[in-house]
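Q: Structure in structure tokens, see below.
Residue numbers (the numbering used here): 11 to 123.
Okay, here's the thing in structure tokens:
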């Protein structure tokens, strides 16, 4: 990477495997939320997730609306492990600026009390 270079046309980020500290217990994966600075023309963000070490990620809906600041992938599935991330693309010579990536889940602790 060199200061002043053009932005890459695409990229991705993926989390490590998350098991909420107990790989034997179920959790309810709810959604992945990617927050970013307002999108410019030609930019898009696609949230994604993978449960229980499946072979490939499941993509949410790509968000490319100019001015959008959030992309979500609804999951609502029981699992023991989860990974999440996002894909980015840009055709305008600039790159989206990610500000937060959230994985929302229910640890199901109330189910056992």
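Backbone N, C-alpha and C define an ideal beta-carbon position, used for all residues, glycine too.
Ordered along the chain, which non-local residues of its own chain (more than five positions away) have a Cβ less than 8 Å from that of residue 47?
A: 79, 106, 107 and 109
Q: What did DSSP end up calling residue 91 once you bin it into helix, strand or coil?
A: coil
Q: Runs of 3 residues minimum, wholly inside the region 16-81: which ones carry the beta strand (DSSP E) assignment?
A: 20-24, 37-46 and 53-61
Q: For residue 54, which of 116, 120 and 103 has the nearest alpha-carbon?
A: Checking every option, the nearest Cα to that of residue 54 belongs to 103.
Q: Measuring CB atoms only, is the region 75-90 touching the region 14-28, in the sense that at least three cross pairs come out at less than 8 Å?
A: no
Q: Between residue 91 and chain C, is any beta-carbon pair separated by less than 8 Å?
A: Absence of chain C from the displayed structure is noted, only one protein chain being present.
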